[in-house]
């Protein structure tokens with residue numbers, strides 16, 4: 267088993283201090299977080315963390331259990347890259363005069379799916395949403411033309427197989443949760459459980 | 004929710020201008036939660052709560068400790084001897100940071116404690132105000148939950164949550180930090196409602212019947228099954244269910260240091276203690292059993308030794324309330340998630356009544372070997388100098404195993420846990436996971452408040468005693484009945500043992516000097532005695548146990564005695580050695 271990229275999705279209450287509580291689960295084990303994004307969800311009071319790390323699956327599974335053990339965490343999932351639809355957003359600041367004079371640049375931007383965010387006399391800002399390779403590719407493209415600044419967000423991702431969290435939340439709010447509320451990862455893997 | 008509403012305690016009469024203070028709400032929460040004893044120390048940022056406490060003297064006992072670390076260890080001792088939640092009050096800044104060791108200890112040993120700390124006024128947060136410290140962030144890794152209150156309106160429900168979280172599921176420490184303005188603030192109080200549900204928190208995972216069935220199948224087919232259990236049995240109040248299970252199954256059982264006393268040490272299926280200084284048979288036979296049933300324990304490295312040489316031949320069944328413990332250190336073939344008070348009876352119902360005479364005989368053979376090579380010399384030494392073991396043996400003879408034994412950390416702890424006899428649960432109180440020296444004296448004070456009808460004996464080394472020796476002042480003032488037994492070998496014995504065995508006897512800073520403990524105790528108004536000869540031992544222990552109130556007995560023991568057996572670090576449990584020649 268090799269290290270690979272995992273996206274951890276954590277649904278939580280929206281409380282002060284929770285970011286630290288989650289972050290130290292990683293730092294205590296000396297695991298580096300590649301990117302972290304916090305955002306609201308489709309449910310009003312529920313918050314969502316999207317965390318990307320490069321680790322062994324065994325480690326990631328244990329991390330998720332430790333995260334889920336936190337009182338204010340509703341649920342933690344981990345997924346490999348192909349189990350989620352994901353995007354990152356990158357911004358590029360480039361001198362306007364070069365863009366204006368070099369037709370080639372305009373074409374390159376179009377090819378890379380960039381769109382213009384702002385145009386000023388002195389600089390122009392482009393944005394690209396996509397996978398890491400795509401946003402990185404444009405850095406290379408723009409570097410010869412005087413790229414002034416580059417910045418990229420953390421990953422946001424949607425789990426391909428997930429249902430609305432809403433439904434799950436109803437279960438959580440009940441005092442006696444139904445079977446659905448507990449995910450026993452062994453449940454559908456009987457053959458794996460006893461073969462070891 | 005209707006039933007819960009009926010349980011509300013009536014709001015106490017408003018204080019004139021439409022409400023009560025946050026401080027009063029804190030104390031009302033204590034009353035509603037059935038708290039009878041608080042361990043604490045006042046200071047600037049918690050003064051409003053202490054002011055309110057002035058009028059609650061008849062309802063809440065407050066024990067003024069001599070250091071906040073003493074307060075939290077006392078609260079831990081209280082929780083461990085009573086099964087109820089221990090409560091601590093401390094002020095902001097240094098008061099709060101002094102709790103950290105105890106929080107870490109309670110976290111790793113799953114002890115239910117609620118700490119209330121004062122905090123500077125909310126408008127001063129982040130200004131480096133006097134005695135301001137970021138206690139929430141400092142304590143996040145060592146609390147099950149923590150929360151900062153800056154508005155009195157939050158106090159009732161936050162404290163209800165705190166008590167619910169601390170003592171449900173896998174228990175643990177909770178800290179609530181309350182800013183001074185919230186303590187002073189008057190608010191409309193509508194009574195206290197106990198918390199029974201938090202949507203993001205599930206204390207008990209749902210029991211999966213198919214795994215109980217799978218576990219029963221494995222147990223019924225086993226030829227050499229072995230039960231190892233931890234504090235989960237005690238915390239789950241499942242001693243009866245556990246005993247019924249092993250008795251029907253006929254399976255030998257060994258405890259971790261934290262599980263000790265869950266069943267009487269004299270039980271015919273009780274095989275002793277696991278781990279680094281545990282018993283010979285249970286360690287060796289862990290690597291010989293065919294089904295290993297782990298109940299309410301977490302496979303600490305002191306229990307497992309080297310993991311890749313641990314029980315590789317066995318099918319592992321792991322019962323635990325905390326899903327994060329399953330597969331954390333040892334892969335479970337059958338994970339049984341749930342509260343063992345629920346899962347054990349289900350399992351007992353599915354297993355066959357059995358006995359394993361040959362398998363038990365194996366344990367007996369190892370016990371005899373250990374008896375010959377280690378125990379005999381430790382309990383009945385022929386040399387002139389006293390051993391720790393014979394002190395514990397003499398203590399056993401006089402308590403008959405009915406006492407609560409509180410131990411500190413080090414050689415005396417291992418010897419006490421190896422040889423102490425127990426008849427009742429919740430009787431072995433020690434710092435297991437964190438190994439906190441200085442734990443025993445304050446924990447014993449707390450234990451005596453948690454179980455006022457029982458004899459509490461604190462067994463402490465000369466090093467650990469000096470770490471929290473100031474709590475003798477607490478004993479002086481509040482007169483709890485604690486029997487202090489110091490086993491003095493004039494060394495930091497466990498470190499010295501390691502230096503002898505693994506560092507070519509380079510004794511680096513382990514020759515600790517001690518004051519005259521009897522004189523020190525005398526200064527605190529505590530009677531005491533020091534002995535060094537065998538002929539005085541019985542009488543001295545008798546005096547210790549039968550004195551009115553606290554008594555300090557110092558026993559001078561062999562300086563360079565070692566604790567054996569031992570699983571040297573980095574070796575497998577089956578590589579346990581009985582003497583230093585074998586290392």
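Chains as they are written, first to last, in our numbering: chain Z, 267 to 462; chain B, 4 to 586. In this text, a Cβ means the ideal position worked out from N, Cα and C, and glycines have one as well.
The Cβ atoms of residue 464/B and residue 435/B do not sit closer than 9 Å to each other. Straight across, the Cα-Cα distance linking residue 134/B with residue 366/Z is about 59 Å. For a Cβ distance threshold of 8 Å, residue set 327 of chain B lies close to residue 332/Z, ordered along the chain. Taking C-alpha positions only, residue 561/B is separated from residue 498/B by approximately 15 Å.
In the structure shown, residue 276/B adopts extended strand secondary structure according to DSSP, grouped into three states. Flagged as an interface residue toward chain B: residue 339/Z, by a C-beta distance shorter than 9 Å. The CB of residue 207/B never comes closer than 8 Å to any CB in chain Z; the least such distance is about 10 Å. For residue 283/Z, at least one C-beta of chain B is nearer than 9 Å to its own C-beta.
For residue 438/Z, the residues of chain B that pass the 7 Å Cβ criterion are 202 and 203, in the order they occur in the chain. Not one beta carbon of chain Z lies nearer than 9 Å to the beta carbon of residue 234/B. Counting C-beta atoms within 10 angstroms of its own C-beta, residue 224/B has fewer than 16 neighbours from the protein chains shown and is therefore classed as exposed. Rounded to the nearest angstrom, the gap between the Cα atoms of residue 483/B and residue 312/B is 47 Å. If only complete runs of 3 or more residues are kept, the region 516 to 566 of chain B shows the beta strand (DSSP E) at 531 to 534 and 554 to 559, in order along the chain. Residue 182/B carries a strand assignment under DSSP once its states are collapsed to helix, strand and coil. In this structure, DSSP gives residue 412/Z a state outside helix and strand, which the three-state scheme calls coil. Listed in chain order, the non-local C-beta contacts of residue 344/B below 8 Å within the same chain comprise 239, 240, 241 and 244, local neighbours out to five positions each way being set aside. Taking the CA atoms as reference points, residue 427/B sits about 11 Å from residue 408/B. Within the same chain, 423, 424 and 426 come within 7 Å of residue 351/Z by CB-CB distance, once the 5 residues on both sides are set aside.
Per the coordinates, the alpha-carbon of residue 430/B lies some 14 Å from the alpha-carbon of residue 269/B.
By the criterion of a C-beta distance shorter than 6 Å, residue 75/B is surrounded in its chain by 91, 102 and 105, once the five residues flanking it on both sides are discounted. Contiguous alpha helix (DSSP H) elements confined to the region 237 to 306 of chain B occur at 242 to 252 and 283 to 289, taking only those with 4 or more residues.
Contacts with chain Z at 9 Å (Cβ-Cβ) include residue 149/B.
Within the region 511 to 542 of chain B, no residue has a Cβ lying closer than 7 Å to any Cβ of chain Z. The DSSP-derived three-state label of residue 200/B is coil.
At a cut-off of 9 Å between beta-carbon atoms, residue 302/Z makes no contact with chain B. Cβ proximity to chain Z below 8 Å picks out 330, 331, 334, 336, 337, 338 and 340 from the region 330 to 353 of chain B. Under the Cβ distance rule, residue 294/Z counts among the residues neighbouring chain B, one pair being separated by less than 9 Å. Residue pairing for residue 352/Z: DSSP places it in a beta bridge opposite 423/Z. Not flagged as an interface residue toward chain Z: residue 407/B, since no C-beta distance is shorter than 9 Å. Fully contained in the region 332 to 390 of chain Z are the following alpha helix (DSSP H) runs of length 4 or more, in chain order: 362 to 367 and 369 to 377.
Identification of chain Z residues near residue 140/B by a Cβ-Cβ cut-off of 8 Å yields 283 and 286, ordered along the chain. Under the three-state reduction of DSSP, residue 389/B is assigned to coil, being neither helix nor strand.
Around residue 136/B, no beta-carbon contact reaches into chain Z at under 9 Å, the shortest distance being about 15 Å.
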